[in-house]
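Worksheet: the structure to be examined is printed underneath.
There are 2 protein chains.
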Amino acid sequence: MANFGYSRLILSEPVLKSIEGAERLAVKSDFVLRGMEVASDLGEALKDCVYAVGTTSRTQLKGRTVLTPEEAMQRLAEESVRGRVALVFGGEQRGMSDEDLARCTDVLAIPTSAVQPSMNLAQSSAVLLYLCHRQGLTPTAAVEAAPGAKLGTLGALAKRMRDVMLRAEFLNPQAPQHVLNELEQTLMRARLTQREAELWLTAFKHLERAVTRGAST
Amino acid sequence: MANFGYSRLILSEPVLKSIEGAERLAVKSDFVLRGMEVASDLGEALKDCVYAVGTTSRTQLKGRTVLTPEEAMQRLAEESVRGRVALVFGGEQRGMSDEDLARCTDVLAIPTSAVQPSMNLAQSSAVLLYLCHRQGLTPTAAVEAAPGAKLGTLGALAKRMRDVMLRAEFLNPQAPQHVLNELEQTLMRARLTQREAELWLTAFKHLERAVTRGAST
């Protein structure tokens, strides 16, 4: 990150209890560790971002277009005028789960050899941060007039949708997540402004009240 | 290397006595370690290559144009039709010396932040091998009719030139290397065929004999 001028590091649900080892290795990069934040889950980590691209070694993902790194850089550059954007990496052992990838607006895979498709975290992040740097992505990009919907707001909306749609018996209570993820993805694709996302959220608050009233009468 | 389909690894003057630690880390990549060669110096390591690009964190190098990674990829692709090409990395602590960089046809620097310009070896190699892979550079590229001059032959030529030019009192015996490197660089730039390099070598063998004869009469 320091090599390419980036500093905002958020760990989500870290297994690691101490960063002492990292401090020794982070030559001239202690500012990254000092500014590091810890989030309780990925939704929390991404809450003030308008766009997040998750990384995977899988080139096929049901229902999603897996971007090349270059395509993802293009999207990151476009989306960065709407607000904060994030690159999301999975843990060293298992990478990102389907559930984590569903929290991301887009998904990318670094094309690798079939012999060893799975890259180390340190190396995949070096490749992608290099490309970000080449793309001219800076931590302080100018933001347009209409700020994009924060993923935190979209997450709150998804939760509200889930509750309402379960009550309305639209979602299968045994497995509500798959259909919900699909709906959420369409809203992510729509590139909502923050105002529009809040409008949706208010709409579902009203719907929830109405559905609850309906159930109690 | 395994991530991007490369397998020919040559260590030059390694400090390391055992690769046991690497064997544990090289998941699905043991074929790279099994095929690894060890060379006594960089000239030996590069002897059958026609082109080598060295890596440095210095963006200014006296008398040389420092290429961007993308420019270097273009050159590697062009040169790979003449024969084997090499990417050369320095040791983790000090990078490549001037002497080592002089053994390379070209030099590249990965653009980094001024905050921390020096990259780890594992990460700079990940970035560059990713770019090689994207460039479509494969270990088995088709080679043109006229094979390029091997760096081993050019190295032998440089050594012969040095001897002759010292005897002829053209080079300063206290510091012959700088001027010699300049001459050698021009021959590298000329993209000699192997036949042309051998012609030069034979020419200098004759010159040496003539100069020695002259000195003894």
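Residue numbers (our numbering), protein chains in the order written: chain A, 1 to 217; chain B, 1001 to 1217.
Ideal placement from N, C-alpha and C gives every residue a C-beta, glycine not left out.
Is any beta-carbon of chain B found at less than 9 Å from that of residue i?
i	result
G5(A)	yes
T55(A)	no
M96(A)	no
V127(A)	yes
T59(A)	no
H206(A)	no
P69(A)	yes
For the beta strand (DSSP E) containing residue i, list its first residue and its last residue.
i	result
R1084(B)	R1084 to V1088
T105(A)	Unbroken run through T105(A): none, as it is neither H nor E.
A39(A)	E37 to A39
L1011(B)	I1010 to S1012
Note down, in chain order, every chain B residue with its Cβ under 8 Å from the Cβ of residue i.
i	result
Q116(A)	A1002, N1003, V1027, K1028 and S1029
Following the continuous alpha helix (DSSP H) through residue i, name the residue where it begins and the one where it ends.
i	result
G43(A)	L42 to A45
S1125(B)	L1121 to R1134
V1032(B)	D1030 to R1034
A52(A)	A52(A) -> not in any alpha helix (DSSP H); beta strand (DSSP E) instead, spanning C49 to T55.
G1148(B)	Here G1148(B) belongs to no alpha helix (DSSP H), and DSSP marks it neither H nor E.
G21(A)	E20 to L25
R1189(B)	Q1177 to R1189
L76(A)	P69 to E79
At the 9 Å Cβ level, is residue i part of the contact set with chain D, yes or no?
i	result
M1036(B)	Included in the structure are the protein chains A and B, with no chain D among them.
What distance in whole Å lies between the Cβ atoms of residue j and residue i, which are believed to be in contact at a cut-off of 8 Å?
i	j	result
C1104(B)	V1050(B)	In fact, because the Cβ distance is near 12 Å, the residues do not count as touching under 8 Å.
Q1135(B)	M1188(B)	Their Cβ separation, rounded to whole angstroms, is 21 Å, which puts Q1135(B) and M1188(B) out of contact at 8 Å.
L1067(B)	C1132(B)	Contact flag wrong, Cβ pair sits at about 14 Å.
S113(A)	N1003(B)	6 Å
R1064(B)	V1115(B)	With 8 Å as the limit, R1064(B) and V1115(B) do not qualify as a contact, their Cβ atoms being about 25 Å apart.
F1031(B)	T1055(B)	Actually they are not in contact, since the Cβ atoms of F1031(B) and T1055(B) sit about 24 Å apart, beyond 8 Å.
P139(A)	S7(A)	7 Å
D124(A)	I110(A)	Contrary to the premise, residue 124(A) reads as Ser rather than Asp in this sequence. Confirmed, about 6 Å.
V1211(B)	A1175(B)	No, V1211(B) and A1175(B) are not in contact; Cβ-Cβ is about 20 Å, not under 8 Å.
S1057(B)	G1095(B)	6 Å
L61(A)	A86(A)	With a Cβ gap of about 18 Å, L61(A) and A86(A) do not count as contacting.
Chain B partners of residue i, CB-CB under 7 Å?
i	result
T112(A)	N1003 and F1004
Kindly list, in the order they appear in chain B, the residues whose Cβ is closer than 9 Å to that of residue i.
i	result
A122(A)	N1120, A1122, Q1123 and A1126
Is the beta carbon of residue j closer than 9 Å to that of residue i?
i	j	result
G152(A)	E37(A)	no
M1161(B)	E1198(B)	no
L1033(B)	L1016(B)	no
G148(A)	T193(A)	yes
V164(A)	E208(A)	yes
P69(A)	L25(A)	no
K84(A)	D48(A)	Before going on, a small fix: residue 84(A) reads as Arg here, not Lys. Cβ atoms of R84(A) and D48(A): closer than 9 Å.
L1201(B)	L1157(B)	yes
A1126(B)	A126(A)	yes
R1082(B)	R1195(B)	no
S18(A)	M1(A)	no
E78(A)	Q177(A)	no
L1220(B)	S1080(B)	Nothing in the structure corresponds to residue 1220(B), since chain B is present only between 1001 and 1217.
A1039(B)	E1071(B)	no
A1122(B)	A203(A)	no
Does any CB atom of chain A fall closer than 9 Å to the CB of residue i?
i	result
R1167(B)	no
R1134(B)	yes
Under 8 Å Cβ-Cβ, which residues of chain A neighbour residue i?
i	result
Y1051(B)	Here the premise fails: no neighbours, minimum Cβ distance about 23 Å.
Answer yes or no: the CB of residue i versus the heavy atoms of the ligand FMN, is any distance below 8 Å?
i	result
L1046(B)	Ligands displayed in this structure: none; no statement on the ligand FMN is therefore possible.
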